[in-house]
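Q: Would you mind keeping the following structure in view while I ask a few things?
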Amino acid sequence: METNNLFRADRDNLASSVNSRITWDHEVIPAGESTLRLEPYHKHPHHELLLITAGHVTALTPHGRYSHSGACLLLYRAQRAHTQVNRSGVYERFYIWFPPDYKGIPASATTLLSPSRTEDAVLLPLATRAAQELASVARILLELEKQPDADERKRLLTGYILSEAAERGRLHENAPRHTEAPYLADVTAFVAAHLGEKLTIERLAEAAGVGRTKLTGDFRAYLGMSVNQYITQTRINRARALLEAGESVEHTAERCGFADSGYFIRVFRQYEQTTPLRYRTARREQRFTPNA
Numbered sequence: 006m007e008t009n010n011l012f013r014a015d016r017d018n019l020a021s022s023v024n025s026r027i028t029w030d031h032e033v034i035p036a037g038e039s040t041l042r043l044e045p046y047h048k049h050p051h052h053e054l055l056l057i058t059a060g061h062v063t064a065l066t067p068h069g070r071y072s073h074s075g076a077c078l079l080l081y082r083a084q085r086a087h088t089q090v091n092r093s094g095v096y097e098r099f100y101i102w103f104p105p106d107y108k109g110i111p112a113s114a115t116t117l118l119s120p121s122r123t124e125d126a127v128l129l130p131l132a133t134r135a136a137q138e139l140a141s142v143a144r145i146l147l148e149l150e151k152q153p154d155a156d157e158r159k160r161l162l163t164g165y166i167l168s169e170a171a172e173r174g175r176l177h178e179n180a181p182r183h184t185e186a187p188y189l190a191d192v193t194a195f196v197a198a199h200l201g202e203k204l205t206i207e208r209l210a211e212a213a214g215v216g217r218t219k220l221t222g223d224f225r226a227y228l229g230m231s232v233n234q235y236i237t238q239t240r241i242n243r244a245r246a247l248l249e250a251g252e253s254v255e256h257t258a259e260r261c262g263f264a265d266s267g268y269f270i271r272v273f274r275q276y277e278q279t280t281p282l283r284y285r286t287a288r289r290e291q292r293f294t295p296n297a
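Counting from 6, one number per residue, gives the positions in the sequence shown under the working numbering.
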């Protein structure tokens, strides 16, 4: 397993290119990194298949929750809203984007990827040996990403992984736990849109048209955290992005809804084990340091 390699793709930039081809990538988050990376529910015009080889993952959709510790395949269907929580510890995944009309989808996988399927996502547990075999194929695909004339090999190897996913889909028919709280997708979108403002449980409950008790109960049952924990984590996520873009600590605190920069610094240190200024400096140095 590769370690100390943290790569996060820009999904917005990939969205256009993936419409005409498949895109493979790899991500490792070592133990000790902050792995709770929340974002509002979102969806893509393409399918997203994750081969997770290590870590604990909880996938959330407006209609189901899928949780697993260890190796698994996780499929997010095109145009289906979702978000994901990765718990503490080493987390490794390979992931692929491909459009619904991709010609390389093997016949055995058409049912798994059919738009008529009601599940927003599918989680398929993997035995250790099966995960190792698929990871070996995925590493070959990563190398092929660097080669300009390898489309046919990529198509065949990707087809193999999709066929394996389809087979496991037949063996392990996924039964997601449905929720009566699809409105939570709107709540998380509301939080993201009003992050710089004062956000209270009462305000979110009123915006969602539900009572305070239902909102707080559904958040804990469905997202595994309190409303305030979600708001704070989302603010920290936004703050990281702003600091990495070079924003000042004071401006970042204001845009992320913190009462003042002093409070922002204290909370940021709790989540990231460093100050906002040191975080910004470290990311800037990483950006401008040539690769060895």
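Note that CB positions come from ideal geometry on N, CA and C, so glycine has one too.
#1: Work out the CA separation of F103 and I206 for me, nearest whole Å.
#2: State the Cα-Cα distance for the pair I166 and H49, rounded to the nearest angstrom.
#3: Going by beta carbon distance, what residues of the same chain come within less than 6 Å of A76, once the five residues before and after it are set aside?
#4: To the nearest angstrom, how far is the alpha carbon of V62 from that of S72?
#5: Are at least three pairs of beta-carbons, each pair with one atom in the region 236–250 and one in the region 220–227, less than 8 Å apart?
#6: May I ask which residues mark the beginning and end of the beta strand (DSSP E) holding T58?
#7: Taking Q89 as part of the beta strand (DSSP E), name the residues at either end of that continuous run.
#8: For the region 73–126, list the beta strand (DSSP E) runs that are entirely contained and at least 3 residues long, ordered along the chain.
#9: If S231 and T221 are in contact, beta carbons under 8 Å, what's the gap, nearest whole angstrom?
#10: So what does DSSP say about Y188, is it helix, strand or coil?
#11: Going by alpha carbons, who is nearest to D106 out of V127, L128, A83 and I236?
#12: So, is H68 buried or exposed, given that buried needs 16 or more other C-beta atoms within 10 angstroms?
#13: Out of L80, Q291 and A86, which one is the CA nearest neighbour of Y188?
#14: Work out the CA separation of E150 and L204 for me, nearest whole Å.
#15: Can you tell me the Cα-Cα spacing of D154 and L147, whole angstroms?
#16: Using only CA atoms, which one of V254, A264 and D265 lies nearest to T279?
#17: Taking C-alpha atoms, which residue in L282, S141, T286 and A197 lies nearest to R98?
#18: What distance in whole Å lies between the Cβ atoms of A170 and A114, which are believed to be in contact at a cut-off of 8 Å?
#19: From the DSSP output, in three-state form, read off Y46 for me.
#20: Roughly how many angstroms separate the alpha carbons of A190 and Y46, rounded to a whole number?
A: Reading from the atomic positions:
#1: Roughly 38 Å between the two C-alpha positions.
#2: Each residue's CA atom was taken as its position, placing I166 and H49 some 21 Å apart.
#3: Counting only Cβ-Cβ distances below 6 Å, and skipping sequence neighbours, we find T58, L131 and A136.
#4: When rounded, the separation of the alpha-carbon atoms in V62 and S72 is 6 Å.
#5: In this structure the region 236–250 does not touch the region 220–227; the number of beta carbon pairs closer than 8 Å is below three.
#6: First-last of the beta strand (DSSP E) with T58: H52 to A59.
#7: Q89 -> beta strand (DSSP E) spans T88 to N91.
#8: Correct list: 77–81, 88–91 and 96–103.
#9: The C-beta separation of S231 from T221 comes to about 7 Å, placing the pair in contact by the 8 Å criterion.
#10: In this structure, Y188 counts as coil in the three-state DSSP scheme.
#11: Measuring C-alpha to C-alpha distances from D106 to each of V127, L128, A83 and I236 identifies A83 as the nearest.
#12: That one is buried.
#13: Of L80, Q291 and A86, the residue nearest in Cα terms is A86.
#14: Approximately 43 Å, taken between the alpha carbons.
#15: In this model, D154 and L147 are separated by some 14 Å (Cα to Cα).
#16: Nearest of V254, A264 and D265 to T279, Cα basis: V254.
#17: Closest by alpha carbon: S141.
#18: The C-beta distance from A114 to A170 rounds to 7 Å, short enough to fall under 8 Å.
#19: Coil, per DSSP.
#20: Our two residues, A190 and Y46, have alpha carbons roughly 6 Å apart in a direct line.
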